[in-house]
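Data block below; observations after.
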Amino acid sequence: MSYKFVVVGAGLSGLSNAFFIKQLYPKAKITLIESSNRVGGMITTRKENQFICEEGPRSIKRGKYDRPLFYMIDKIGLYPEFVTGVQQPYSYVYWNGGLKSIPQQINLQTISRFIKDNGKDELLNLIKAYPKILFNNQESDNLGEYLDEILGKELTQKYAETVFYGLFGESVYKLSKNMCFSKIHMASYDEQQLAKDLIYDAEFEQIRIKKLRKANSYKFTYGLDSLPKRILRYLQDNSKVENLDIQLNTKGKEIHIEQRQLVTENDNKEIKKIEYDYLFLNVPSSEIVHMMENSTLNEIKEDLKKIKNNSMITRNICWDQKILPPDFRGLGYLINPNQNQNMLGMVADSLQFPNQFPKGSTSLTVMTIKDVNDDQVLEELSSHLGIKVQDPKLIIKKHWMNSFIQFQPGYLENLQRIEKGLENKKIIIGANHYTMVIPELVYLSYSKMKQLYV
Ligand SMILES: Cc1cc2nc3c(=O)[nH]c(=O)nc-3n(C[C@H](O)[C@H](O)[C@H](O)COP(=O)(O)OP(=O)(O)OC[C@H]3O[C@@H](n4cnc5c(N)ncnc54)[C@H](O)[C@@H]3O)c2cc1C
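Heads up, the sequence shown is in full-length UniProt numbering, so the first residue is 1 and it goes up one at a time.
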């Protein structure tokens, strides 16, 4: 069918939409609107000296929802550049003045270290809670209350609260169980059906099995931004000129819902009207509200305004020397909100991906909520690790303003109302409203296209 698809936002969600439109509707016209001067959105790789620093996501986790992403990586030919993460035995939480290890790998050494750090009762409590997590049947929609029920308040506070606060800058009690835990929006798609559709090439399959078999995370030789760049190149190489229109430095400004038109404005203030059969909005909800300002869809606008976002500051910090204590063997650590620290957590990039950094060097990412100065961050880092960290060679600081969705109780119902209201208007809300995890974003982008197709 020669539909006109307009996709707003050329981050990974928008690019995945465009990629799967191309697969399912080879004759369709795709217009991709992106307000910045590049594709990739949050995926930003900075190469400084020989350090390959990821300012946004730093790796892709393996998991249940990989298939559409793998299919895309296969088709764009990126798989020879797979770089796998080195698995570390521990992850850590900062609690009562020190780092406490949590076993990442179930072997005697990591378990006995956990018992040494925490006592054997805590291990027993965690093991006992496990079946309850698998077979839950709880009333509450609140993630914090739900975890209290199955883990007990103390363990929720120590582990769950630390992890969620460190990852989202937000308490488990404010995060909805429906969105964060059950992933019911993902489970409603048929995995078997997906597997049937998305067949890998033999060469890709071989390399995937060889390189990724035991890995639980990966990235690419020249950094994660190879992914959006290659999707863009694939679209350009495989589309007739008249079927692909990529407009950078151009903002989605207004939607004329009845006429099915998107109004755009570029950096030179030129205004254009673009007609669509389907409109995909892969931008933050606040942007969608702006675009709908002149429409009469007041209830949908109010529901969109209810979606709240968190902010965070990241710092990629690099040294020419090894600075981590020799017994630090984790992906990083997260910090409990009650511990009164500025930092939310740290990721040990150079331990996970040593090949992306000069030999013998160290590269870490530190997350904070407040905009504190570099010295305060280095001081906290020293105190957590129990060492005096030296002056770094490089610090790349980035403020992620309102970037992370707060999955509050009621979020899912709110989103379902928005989706339903827009369904017959041929407007599709992007996967970025459901998840931030890269394979899941691609999985949902594909599944939504597939739903249209059927
Ligand atoms: C610090 C950090 C660490 C992360 N770590 C990981 C990780 O390790 N693993 C993982 O899987 N995920 C991680 N994530 C999440 C992951 O990066 C994101 O979920 C994903 O990149 C989001 O893609 P997106 O396309 O939905 O949104 P975005 O990448 O935000 O793309 C949206 C695009 O829309 C454009 N835009 C906005 N408004 C308009 C408009 N009006 N008109 C036109 N264009 C517009 C923006 O310029 C942008 O390019 C991390 C994110 C951050 C910030």
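No residue lacks a Cβ here, since even glycine has one placed at the ideal position from N, Cα and C.
Between Tyr-79 and Gln-339, the C-beta gap is not smaller than 8 Å, which leaves the two residues out of contact.
Closest in C-alpha terms to Asn-342, from the list Gly-360, Gln-390 and Ile-313, comes Ile-313. Per DSSP, reduced to three states, the secondary structure at Lys-196 is helical. Met-367 and Leu-12 have their C-alpha atoms roughly 22 Å apart.
Between ligand 1 and the CB of Pro-57, the shortest heavy atom gap is smaller than 7 Å. In the assembly as shown, Arg-233 is an exposed residue. Its beta-carbon has fewer than 16 other beta-carbons within 10 Å. Per DSSP, Phe-114 is one residue of the alpha helix (DSSP H) stretching across 108 to 118. Ranked by Cα distance from Ile-274, the options Asn-268, Gln-261 and Glu-265 are led by Gln-261. Residue Gln-352 holds the alpha-carbon nearest to the alpha-carbon of Ala-215 among Thr-221, Gln-352, Leu-344 and Gly-345. Contact between Asp-225 and Thr-84 does not hold, since the beta-carbon distance rounds to 18 Å and is not under 8 Å.
Taking the C-beta atoms as reference points, Leu-412 is found nearer than 8 Å to Asn-178.
With a minimum length of 4 residues, the unbroken runs of alpha helix (DSSP H) contained wholly in the region 25 to 85 fall at 67 to 75.
Not one heavy atom of ligand 1 is found less than 7 Å from the C-beta of Gly-169.
Met-312: member of the beta strand (DSSP E) spanning 309 to 319, first to last residue.
Taking a 10 Å sphere around the C-beta of Gln-376, we find fewer than 16 other C-beta atoms and assign the residue as exposed. In this model, Val-347 and Glu-55 are separated by some 12 Å (Cα to Cα). About 17 Å separates the CB atoms of Asp-374 and Ile-387; that is not less than 8 Å, and the two are not in contact.
Between the alpha carbons of Leu-297 and Gly-421 lies a distance of about 9 Å.
In this structure Thr-221 is exposed. Its beta-carbon is surrounded by fewer than 16 other beta-carbon atoms within 10 angstroms.
By alpha-carbon distance to Ile-207, the top candidate from Phe-82, Leu-452, Asp-267 and Phe-114 is Phe-82. Rounded to the nearest angstrom, the gap between the Cα atoms of Gln-236 and Ser-140 is 48 Å. Taken in chain order, the complete alpha helix (DSSP H) segments of 4 residues or longer contained in the region 247 to 299 are 285 to 291.
With fewer than 16 other beta carbons inside 10 angstroms of its own, Asp-391 counts as exposed. In this structure Leu-126 touches Leu-155 by the C-beta definition: roughly 7 Å separates them, less than 8 Å. A distance below 8 Å separates the beta carbons of Glu-419 and Ile-429.
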